[in-house]
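J.:
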Amino acid sequence: MTSENPATGGDALPPPEDKTGLIATCHCGRVQIEMPSKPPKINECHCTVCYKYGALWGYFQRPTVTVTTSDGATVVPYIRADKDACCSFNRCSHCGCMTHWWGVGKYTGPEHHMGVNCRLLPIEALEGIPRSVSPGPD
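For the sequence shown, numbering that gives the first Met the number 0 gives the first residue as 0, with consecutive numbering after it.
(1) Out of curiosity, what's the CA-to-CA distance linking Arg90 and Gly127?
(2) When DSSP labels each residue in this structure, what does Arg118 get in the three-state scheme?
(3) If we count the other Cβ atoms within 10 Å of its Cβ and call it buried at 16 or more, is Pro38 buried or exposed?
(4) Figure out for me which residue from Cys96, Gly28, Asn42 has the closest Cα to the Cα of Pro134.
(5) Out of curiosity, what's the CA-to-CA distance linking Ala6 and Asp70?
(6) Note down the Cα distance separating Met112 from Lys82, rounded to an integer number of angstroms.
(7) When the Cα of Ile32 is compared with those of Arg118, Glu123, Pro136, which residue comes out closest?
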């Protein structure tokens with residue numbers, strides 16, 4: 000199967016890639032996060048922010064993850080207002096689910112990783128993935 004691309008003079012395009020990654024969705028389904036695969040491990044971070052979110056983070060290189068929104072929803076960021084602010088914690092504007100975080104400022108490049116809240120995956124997708132716990136503040 001091919002499709003015509005008017006931007007290239009009607010040249011045939013190859014069929015779309017078969018995506019075998021995982022898709023995490025917020026509660027209302029308006030924010031979807033496509034990951035390339037299962038994360039090698041899941042981290043329960045106990046820093047002052049993550050502990051309150053109750054997230055289970057899977058880490059990926061930022062260019063390998065696609066975040067999309069639909070039905071008028073947006074991704075709402077929260078960036079700490081202190082000297083340790085290095086990432087944007089993002090949630091769905093409609094249902095409020097914490098979906099992912101990624102670096103801000105000097106941490107925005109493609110060489111940096113991001114975290115996807117793996118609690119947004121079906122529970123069976125998490126089976127067999129090792130879990131770790133990051134210590135919180137003293």
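C-beta: ideal position from N, C-alpha, C; glycine also.
T.: From the atom records:
(1) 27 Å
(2) helix
(3) buried
(4) Asn42
(5) For Ala6, the pLDDT reaches just 41, beneath the cut-off of 50, and the residue's location in the model is therefore unreliable, leaving the point undetermined.
(6) Position check: residue 112 holds His in this sequence, whereas Met was assumed. Taking the straight line joining both Cα atoms gives about 20 Å.
(7) Arg118
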